[in-house]
Amino acid sequence: MLHLYYLKMDREMASMEREEWLPYVSEERRERIARFHSAKDAQRSLFGELLARYALCENTGRENSELKFIQNQYGKPKLEREQDEREIYFNLSHSGQWVVCAVDYTPVGIDVEEIKPISLEIARRFFAKDEYEALLREPEISRQQYFYALWTMKESFIKADGRGLSLSLDQFSIDVAQGRVQYQQKWQNSRLWHSQLDEEHMLAVCASPGIHKTMQHFTLSEFVRIIADKLDVLE
Numbered sequence: 090m091l092h093l094y095y096l097k098m099d100r101e102m103a104s105m106e107r108e109e110w111l112p113y114v115s116e117e118r119r120e121r122i123a124r125f126h127s128a129k130d131a132q133r134s135l136f137g138e139l140l141a142r143y144a145l146c147e148n149t150g151r152e153n154s155e156l157k158f159i160q161n162q163y164g165k166p167k168l169e170r171e172q173d174e175r176e177i178y179f180n181l182s183h184s185g186q187w188v189v190c191a192v193d194y195t196p197v198g199i200d201v202e203e204i205k206p207i208s209l210e211i212a213r214r215f216f217a218k219d220e221y222e223a224l225l226r227e228p229e230i231s232r233q234q235y236f237y238a239l240w241t242m243k244e245s246f247i248k249a250d251g252r253g254l255s256l257s258l259d260q261f262s263i264d265v266a267q268g269r270v271q272y273q274q275k276w277q278n279s280r281l282w283h284s285q286l287d288e289e290h291m292l293a294v295c296a297s298p299g300i301h302k303t304m305q306h307f308t309l310s311e312f313v314r315i316i317a318d319k320l321d322v323l324e
């Protein structure tokens, strides 16, 4: 079962309000947040980890303080499995007003991007040849949406794959209409889909085929009320 969590950052918190939630995230996250110059970036980073922790607590039955994380050889974080516990995978993304998280028992990737004016030069440089040609065939009125559908689907596949930047965007090709990916001349088992969260944000998910999914949507105010009861502090 694939579980998706969508958090809309519909307001900007004052710094004192943000600081109330720092004890619920890791020391590494707190240090990273302190380095941000932008309050919006700090807030997205903070609530990215809070959303992931809430999702993992909900799916494992553990307390927040019981969550332990490790990294694979490419630096991708994963939840450390307890004895006799089934492997669980998660992935996180944030952009613009949205923070999103996906949790599943098989590798999963999720990506959200704020929709902005595009440069076809970016697509020419970073997309596979057939992807770039498909983009050029799109009518101008729908080309921007197609670009972001393709971009987020490619990012979600890379994130599910787990190798990070060692797998470049032009090494594989996405069929946007079918939600399939071709890598090394072979169609992969993964399935991808995309949707617009709103007029300004595109989302894509890469997961195992044929799975059922659940979705939870939160505003920021709704989410802080929930985690106040659900998460324990780390210090």
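Going by the numbering used here, the residue at position 63 of the sequence shown is 152; the numbering climbs one at a time, nothing skipped.
All residues carry an ideal CB built from backbone N, CA and C; glycine is no exception.
For the alpha helix (DSSP H) holding residue i, just list the boundary residues, first then last.
{"i": "tyrosine 194", "result": "Where tyrosine 194 is concerned, there is no enclosing alpha helix (DSSP H), given that its DSSP letter is neither H nor E."}
{"i": "glutamate 220", "result": "218-226"}
{"i": "leucine 181", "result": "Not the alpha helix (DSSP H): leucine 181 falls in the beta strand (DSSP E), residues 178-184."}
Can you name the residues that DSSP bridges to residue i?
{"i": "tryptophan 276", "result": "Gln271"}
{"i": "phenylalanine 261", "result": "Tyr272"}
{"i": "methionine 90", "result": "Beta-bridge pairing links methionine 90 to no other residue."}
{"i": "threonine 241", "result": "The partner list for threonine 241 (beta bridge, DSSP) is empty, contrary to what the question assumes."}
{"i": "glutamate 203", "result": "His290"}
{"i": "lysine 302", "result": "Leu91"}
{"i": "glycine 198", "result": "Cys295"}
{"i": "glutamine 233", "result": "According to DSSP, glutamine 233 bridges with nothing at all."}
{"i": "leucine 281", "result": "Cys295"}
{"i": "leucine 96", "result": "Val188, Phe307"}
Candidates the options: which alpha carbon is nearest residue i's?
{"i": "asparagine 278", "options": "Ala217, Gln233, Val197, Glu117", "result": "Val197"}
{"i": "lysine 205", "options": "Glu222, Ser182, Asp219, Phe236", "result": "Phe236"}
{"i": "leucine 309", "options": "Gly150, His126, Leu292, Gln186", "result": "Gln186"}
{"i": "isoleucine 207", "options": "Arg151, His301, Ala103, Leu224", "result": "Leu224"}
{"i": "glutamine 162", "options": "Ala103, Gly251, Arg214", "result": "Gly251"}
{"i": "alanine 266", "options": "Ser257, Leu258, Ser255, Arg280", "result": "Arg280"}
{"i": "histidine 290", "options": "Ala212, Gln233, Glu120", "result": "Gln233"}
{"i": "alanine 293", "options": "Tyr113, Ala238, Ser255, Gly253", "result": "Ala238"}
{"i": "glutamate 101", "options": "Leu286, Asp130, Lys167", "result": "Asp130"}
{"i": "valine 313", "options": "Leu145, Arg119, Gln260, Glu109", "result": "Glu109"}
{"i": "tryptophan 240", "options": "Glu229, Ser255, Ser262", "result": "Ser262"}
{"i": "isoleucine 199", "options": "Ile211, Tyr178, Leu209", "result": "Tyr178"}
{"i": "leucine 135", "options": "Val189, Arg175, Asp318, Glu203", "result": "Val189"}
{"i": "phenylalanine 215", "options": "Leu254, Ile230, Ser184", "result": "Leu254"}
{"i": "histidine 331", "options": "Glu203, Lys165, Phe307, Arg175", "result": "With the chain covering only 90 through 324, there is no way to say anything about residue 331."}
{"i": "valine 322", "options": "Glu288, Ala212, Asn153", "result": "Asn153"}
{"i": "histidine 92", "options": "Phe307, Ile316, Lys302", "result": "Lys302"}
Since residue i is in the beta strand (DSSP E), which residue starts that stretch and which ends it?
{"i": "glutamine 102", "result": "For the sequence presented, residue 102 should be read as methionine rather than glutamine. No beta strand (DSSP E) holds methionine 102; DSSP gives it neither H nor E."}
{"i": "serine 208", "result": "Note, serine 208: premise wrong, no beta strand (DSSP E); not H, not E."}
When every heavy atom of the ligand ATP is checked, does at least one fall within less than 7 angstroms of the C-beta of residue i?
{"i": "tyrosine 163", "result": "What this structure holds is no ligand at all, so the ligand ATP is not there to describe."}
Does residue i come within less than 8 angstroms of chain D when only Cβ atoms are used?
{"i": "glycine 137", "result": "Within the model displayed, chain D is absent; a lone protein chain is all it includes."}
(request) Could you tell me which uninterrupted alpha helix (DSSP H) segments, each at least 4 residues in length, are contained entirely in the segment 106-174, listed from first to last along the chain? (result) 116-124, 128-149
(request) Would you check if the segment 187-200 and the segment 282-300 touch, i.e. whether three or more CB-CB distances between them fall below 8 angstroms? (result) yes
(message) If contact is defined by three or more beta carbon pairs under 8 angstroms, each pair taking one atom from either stretch, is the segment 261-273 in contact with the segment 235-247?
(response) yes
(request) State whether the segment 94-108 contacts the segment 132-145, with contact taken as three or more CB pairs (one from each stretch) at a distance under 8 angstroms. (result) yes
(request) Please determine if the segment 145-157 and the segment 170-177 are in contact, where contact requires at least 3 C-beta pairs separated by less than 8 angstroms. (result) yes
(request) May I ask you to verify whether the segment 113-121 touches the segment 212-219, counting CB pairs closer than 8 angstroms and requiring at least 3? (result) no
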